[in-house]
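Please read the structure below before turning to the comments.
There are 2 protein chains.
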Amino acid sequence: MSFLTSLFGRKTSAPIARDRLQILLAHERAGEGQSELISKLQEEILEVIKRHISVDQDKVQIKMDRGAGVSMLEIDIEVPEATKPAAKAD
Amino acid sequence: MSFLTSLFGRKTSAPIARDRLQILLAHERAGEGQSELISKLQEEILEVIKRHISVDQDKVQIKMDRGAGVSMLEIDIEVPEATKPAAKAD
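Protein chains in written order, with the UniProt record's numbering: chain A, 1 to 90; chain B, 1 to 90.
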C-alpha cells in the first residue's frame, strides 16, 4: 500500500489527525471521443459522497488532468470530525 | 503519469484496445468508526457510472482492502466499444 501512501499522502497540511476520503478516476481511451466522461462523473460522485458524509466545500480539492489518451480526476476530501458517527457493532 | 500506468496497467489481458474506467477510493481514518463508508459508496458510484456508460457486469472488477487505518476500493471497468458515442464538437 506504499504507492498509495506516497500518491495520496502529499497534501496533508494540518497537524491534526483527520479522516480523509480520496477518489482517483482514470479514463483510458483507446480511441477518440468521450473525453468529458470524467467531468460528468465528478459532480455526481460528489453528490453520492455528500449523501453519506457532510462535506465542507472548502475542504474539497479537485484536480483534473486531461491527456490525449488518459483523463484523470482526483478528489480529496477532508472529513469533518462532527460527521463521523459513533462506532457501531455491525 | 507513470505511477498510474504502473498502478492501473496490470490487469489488461485482451490485446484489443479498449476504453477503461478505473476508480480508486481511499478512506483514511484518523479515529474509529465508519469503516463501512467505502462499501456504501461502491454501489452508488457504480450506479452513477452506469448512467453514463453501459457497463457489462462481467467487465467490472472490484477489489476492496480494509485496513485498520485505511480502507481502499478499486473499481476497474472495461468500457464496451458500442457505448462510446461519436466524437462531438462541444
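We treat Cβ as the ideally placed atom computed from N, Cα and C, and that holds for glycine. From a predicted model like this one, the values you see are computed outputs, not experimental measurements.
Kindly list, in the order they appear in chain B, the residues whose Cβ is closer than 8 Å to that of residue i.
{"i": "residue 19 of chain A", "result": "27, 28, 29, 30, 31, 34"}
Closer than 9 Å, CB to CB, is residue i near chain B or not?
{"i": "residue 45 of chain A", "result": "yes"}
{"i": "residue 40 of chain A", "result": "yes"}
{"i": "residue 84 of chain A", "result": "Note that residue 84 of chain A scores 49 on pLDDT, short of 50, meaning its location in the model is unreliable; the coordinates nonetheless yield the value given after this. By this cut-off, residue 84 of chain A is an interface position."}
Between which two residues does the alpha helix (DSSP H) harbouring residue i extend?
{"i": "residue 47 of chain B", "result": "37-52"}
Let's see if you can read the secondary structure: which residues bound the beta strand (DSSP E) around residue i?
{"i": "residue 70 of chain A", "result": "70-79"}
At least one CB of chain A closer than 9 Å to the CB of residue i: is that the case?
{"i": "residue 48 of chain B", "result": "yes"}
{"i": "residue 51 of chain B", "result": "yes"}
{"i": "residue 1 of chain B", "result": "Unreliable positioning characterises residue 1 of chain B in this predicted model, as indicated by a pLDDT of 45, which lies under 50. A coordinate reading is not provided."}
{"i": "residue 80 of chain B", "result": "no"}
With DSSP collapsed to three states, give me the class of residue i.
{"i": "residue 65 of chain A", "result": "strand"}
{"i": "residue 58 of chain A", "result": "helix"}
{"i": "residue 30 of chain A", "result": "coil"}
{"i": "residue 20 of chain B", "result": "strand"}
{"i": "residue 83 of chain B", "result": "Note on residue 83 of chain B: pLDDT 49, under 50, position unreliable in the model; the coordinate value appears next. Helix, per DSSP."}
{"i": "residue 89 of chain A", "result": "The pLDDT assigned to residue 89 of chain A is 49, lower than 50, so where the model puts this residue is not dependable, and the model offers no usable value."}
Stretch-stretch touch, CB-based, cutoff 8 Å, three pairs: the segment 45-55 of chain B with the segment 67-82 of chain A: no
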